[in-house]
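Q: For reference, the structure I am asking about is given below.
Residue numbers (this note's numbering): 88 to 497.
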């Protein structure tokens, strides 16, 4: 794993992600607090989260079309520099009357993220050898959890000591550093030149035709379609967890914000442990076998909800972070290996959109059923769905071995 991080191009991408994500988590803590302090309205704060979610549903799949048409590295740099400017607009939010600026920034920043994420996943196979994809994706998972562990605490500290504007300036600066680092990458293998991009403009497919072609590829590819099925089940389960876990902590564990913070940190620590473990041992396992680890997470959740002990909950949530990383790394690596470069942006974009829809469905179902059924039955449903998704992944993807060659289907 360390040998991958020593590679200049990947190291630049990794540190760019770490820096910008720390800034993101700082703002993720500070912005809702600032919004609520200005408006004293739960509705206004909730709208901020909703407008940030909508682009995942309506933009992600379409963004993938353009990620496959454009230079991925340049797309990421432009997305970062755009977010530098967008985040700075939050400095103008000083009264309830200007809260609309928060919504505009949240919406367009989320749109930029829909371009950045698929571009990053599509670019990664050009920066490292195929045999190093598991280690590279493990390091990215480690990256995410490092940011989640340190960013919220740092954001809360700076908000209290220096004020909201300083958090905004730091987050904006983090995107600038990220953009500069990514612009410094020199891919070891040149980006694939698509035949359709060599054609005269009048003969090139329209964006909606590219979008449909990407959907046809997802349906026709047995590996990709099976992954989408598994991720759909896991997405509904995640939606249940998002809504019901904080209620479970309050009602069954007798905890509040502090205890919920402990559990969130424990999950991040588990993710760090998972990233290190998968990065160290991942080369011994095929990524298709790793996707079955989600079943272990489901079993741990099922055990957790039968207990009313906060210390045991912390331990189990920490342990659950490890198989989640293995599952995530397995899925990302499989898609990078089994999707031709010309489709990667569309596939990762469509996956982000479909996950947002399934998570939203799970959140809506939990919101409607939560008062009637309670947190324990719905979290047991979450654990059961994770076990089902993990077993399906293991069975459906078990016999997949070497990445295939990619015939042209356009």
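Cβ atoms here follow ideal geometry from the backbone N, Cα and C, with glycine treated the same way.
1) Which residue wins for smallest C-alpha separation from residue 166, given the options 228, 464, 263, 303?
2) Below 7 angstroms CB to CB, which residues in the same chain sit around residue 105 once its five sequence neighbours on both sides are set aside?
3) Could one say the Cβ of residue 230 lies closer than 8 angstroms to chain B's Cβ atoms, at least one of them?
4) Would you kindly check if the distance between the Cβ of residue 457 and the Cβ of residue 77 is under 8 angstroms?
5) Applying the criterion that 16 or more other CB atoms from any shown protein chain within 10 Å of the CB defines a buried residue, is residue 442 buried or exposed?
6) Check whether the region 166-175 touches the region 207-217, taking contact to mean three or more Cβ pairs, one atom from each stretch, closer than 8 angstroms.
7) Determine the direct distance from the alpha carbon of residue 399 to that of residue 584, and round the result to whole angstroms.
8) Counting along the chain, where does the alpha helix (DSSP H) carrying residue 424 start and finish?
9) Does DSSP put residue 128 in a helix, in a strand, or in coil?
10) Give me the Cα-Cα distance between residue 283 and residue 420, rounded to the nearest whole angstrom.
11) Decide if residue 163 is buried, meaning its Cβ has at least 16 other Cβ atoms within 10 Å, or exposed.
12) Excluding the 5 residues preceding and the 5 following residue 328 in the sequence, name in chain order all residues of the same chain whose CB lies nearer than 6 angstroms to its CB.
13) Taking 8 angstroms as the threshold, find out whether the region 132-143 comes into contact with the region 249-260 through three or more Cβ pairs.
14) For residue 418 versus residue 301, is the C-beta distance shorter than 8 angstroms?
15) Measure the C-alpha to C-alpha separation of residue 312 and residue 384 and round it to an integer number of angstroms.
16) Label residue 449 either buried or exposed according to how many other C-beta atoms from any shown protein chain fall within 10 Å of its C-beta, with 16 as the threshold for buried.
17) Excluding the 5 residues flanking residue 155 on each side, which residues of the same chain have their C-beta closer than 8 angstroms to its C-beta?
18) Does the distance from the C-beta atom of residue 365 to that of residue 416 stay below 8 angstroms?
19) From residue 320 to residue 98, what does the alpha carbon distance come to, in whole angstroms?
20) What separation, rounded to the nearest whole angstrom, lies between the Cα atoms of residue 479 and residue 257?
21) Between residue 100 and residue 192, what straight-line distance do the alpha-carbon atoms span, to the nearest angstrom?
22) Identify every run of the alpha helix (DSSP H) within the region 185-229, keeping only runs that are complete inside it and at least 4 residues long; order them along the chain.
23) Identify the continuous alpha helix (DSSP H) that holds residue 146 and give its terminal residues.
24) Give the secondary structure of residue 315 by DSSP, where H, G and I count as helix, E and B as strand, and everything else as coil.
25) Under the three-state reduction of DSSP, which class applies to residue 339: helix, strand or coil?
26) Check this for me: beta carbons of residue 103 and residue 265, under 8 angstroms apart or not?
A: In this structure, then:
1) 263
2) 230, 233, 234
3) Here chain B cannot be found, since the structure has a single protein chain.
4) The displayed coordinates of the chain run from 88 to 497. Any statement about residue 77 would go beyond what the structure contains.
5) buried
6) no
7) Any answer about residue 584 is impossible in this case: the structure gives the chain only from 88 up to 497.
8) 397-425
9) coil
10) Note that residue 283 scores a pLDDT of 45, beneath 50, so its modelled location is shaky and nothing firm can be said.
11) Buried, by the Cβ-count rule.
12) 469
13) Taking 8 angstroms as the limit for Cβ pairs, the verdict is that the region 249-260 does not touch the region 132-143.
14) no
15) 23 angstroms
16) buried
17) 209, 281, 297, 301, 429, 430, 431, 432, 433
18) yes
19) 34 angstroms
20) 43 angstroms
21) 25 angstroms
22) 187-210
23) Segment: none, residue 146 is in no alpha helix (DSSP H) and carries neither H nor E.
24) Looking at residue 315 - three-state DSSP - the assignment turns out to be helix.
25) coil
26) yes
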